[in-house]
C-alpha cells in the first residue's frame, strides 16, 4: 500500500528554529526589527486559552481609537479562519508565523500593523530570498486578517497594506512534451524500491531517514515510485486533472465509462471518458479497501484505511516527483501541475481549439487557459520565423 503520509519524531525540526537568522534591518547587523512593533510576550494570559479567544496569550494596546483592546496577531487567526477553506486558513497561519519571526519571535497586537511596519516586513522577506509571489501571498493573508479585525471594529482601518505588492507576477509554466510522457509511461521500477532510494542524504542522517521512509511498504502490485508515476500519468490522461481533484476522486463518480467530478477550486463540473490507459491504472487500485480511487488521502494500517491530510500528501507527492524526474531524465523537472500544463500545451500543439482546451481544464474564462499555453505559442512563433528565413535562403 502506498502511503503519502510522513511521520517525524518529536523535536526533529528543532534545527529550523536554531538556523533562523534574526532580522538584520537595513544595516545588515543581527538584531531585532528596525523599530519595535509594540511586542507582546505570548506568556501573558487573559481570559481563557481557547481557539475562540482572539486575545489568547495577552492583550495588545487599544485598537487605534476604537476604545477596545486590540487582539494579538496569533490569537486572531482562529477567529479569521472561520468559514474559509483549509488552505486559506493554512496561509493565514503561515503568514502570521513569518511576521512574528520578522518581529524577533514576539507576538504583537493587530493595531501595530502600520504602513511602515508592513513595508519593512516586505523588505525583510525580499532580503531573505522570498520570491515576489510568495511575499505577496503572505501580505495578502495578513491584509485579510487585518480587514476582518477592522470589520469587527477591533482595529481602526488605516490601510497599512496600500504601499506593498499584493499582486501576482507572471511565472513560467513548465510543461513537458509527448516524448517525455512516453518515457515516463515505459519506465520500469524495481519491486523492492522504497521512498528515499537514490535520494542524496548526508551520511550522518542516512540511517534516520531510511528508518522513517521505510514505514511505507511496497504495494503488492508495484513499487513505490511507480505509484507516483501512475498518479502523474492519470492526471495527464484525464485532461490535466489537478492533484487536489484526483485525491478526492471516489469510485461512485464513475458511471457508464465516464468519470464525473467537480473541481475543488471552482466547483465546475468536468466529465472525462475513461480511456484504456486510465482503466489500466485504476485496475491496480481497485481492491485497496477504500471508496477513494487512489491511496492519497488515506493509508492502510492493520487492514483499515486511516485519513491523511491533503497538505501532507501534496508535499510528499511533489518531493516524489522530483526524484521521478531525475530517474526519467526530465531536465525541466516535475510538479503536481506539470501534467496539467503539459496536457494543455500538447493539445494546443495538436491544433485543438482553445475553447475545447478551456472546457477540458474546467476554466470559466479562456484567458486563464492562455496562461497555460503561452510557452508553446512562443515556440510556434520561433519555428515559424525559422521556416520563413530558411525559405528565403537566409
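Numbering (UniProt numbering), first residue to last: 1 to 394.
The beta carbon of each residue, even a glycine, is placed where N, CA and C say it ideally should be.
Classified as exposed, residue 385 has fewer than 16 neighbouring CB atoms from the shown chains inside 10 Å of its CB. Using a Cβ distance threshold of 7 Å, residue 369 and residue 174 do not count as a contacting pair. Per the C-alpha coordinates, the member of 229, 345, 237 positioned closest to residue 327 is 229. Taking a contact as a CB-CB distance under 8 Å, the pair residue 361 and residue 240 counts as one, their CB atoms being some 6 Å apart.
Taking residue 149 as the centre and dropping the five residues before and after it, the same chain places the C-beta of 71, 76, 110, 155 closer than 7 Å to its C-beta, in chain order. Secondary-structure assignment with DSSP links residue 72 through a beta bridge to 109. Secondary structure within the stretch 229-300: the alpha helix (DSSP H) runs of 4 or more consecutive residues, fully enclosed, are 243-247, 276-283 (chain order). Here residue 119 has 163, 164 as same chain residues with Cβ atoms under 7 Å from its own Cβ, once five neighbours each way along the sequence are excluded. DSSP places residue 306 in the strand class (E or B) of the three-state scheme. In the three-state DSSP reduction, residue 125 falls in the helix class (H, G or I). Rounded to whole angstroms, the gap between the alpha carbons of residue 259 and residue 144 is 37 Å. Cβ neighbours of residue 133 within its own chain (closer than 6 Å, five residues either side excluded): 168, 169. Annotated as distal: residue 366 and residue 381, with beta-carbon spacing of 7 Å or more. For residue 159, no alpha helix (DSSP H) encloses it, and the DSSP letter there is neither H nor E. By the criterion of at least three beta-carbon pairs nearer than 8 Å, the stretch 233-252 is in contact with the stretch 261-280. If the five residues before and after residue 330 are omitted, its C-beta is found closer than 7 Å to the C-beta atoms of 176, 180, all from its own chain and listed in chain order.
One thing to note: residue 332 has its Cβ no nearer than 7 Å to the Cβ of residue 296.
Taking every protein chain shown into account, the CB of residue 252 has fewer than 16 other CB atoms within 10 angstroms, so this residue is exposed. Just measuring C-alpha positions, the residue of 264, 115, 140 sitting nearest residue 157 is 115.
The residue among 166, 126, 223 with its C-alpha nearest the C-alpha of residue 324 is 223.
When DSSP states are grouped into helix, strand and coil, residue 133 belongs to the helix group. In its chain, beyond the 5 residues on either side, 289 have a beta carbon closer than 8 Å to the beta carbon of residue 304. Shown here, residue 391 sits in a helix according to DSSP, grouped into three states.
In the DSSP annotation of this structure, the continuous segment of the alpha helix (DSSP H) that includes residue 355 starts and ends at 354-361.
For residue 82, the secondary structure class from DSSP, reduced to helix, strand or coil, is coil.
The DSSP-derived three-state label of residue 176 is coil.
Cβ atoms of residue 95 and residue 142 come within 8 Å of each other, at about 5 Å. In terms of CA proximity to residue 152, 79 leads the group 102, 91, 79. Rounded to whole angstroms, the separation of the alpha carbons of residue 137 and residue 261 is 28 Å. About 7 Å separates the beta carbons of residue 293 and residue 285, which is inside the 8 Å limit, making them a contact pair. Put simply, the backbone Cα of residue 341 is about 15 Å away from that of residue 356. Around the beta carbon of residue 283, fewer than 16 other beta carbons lie within 10 angstroms, which makes this residue exposed.
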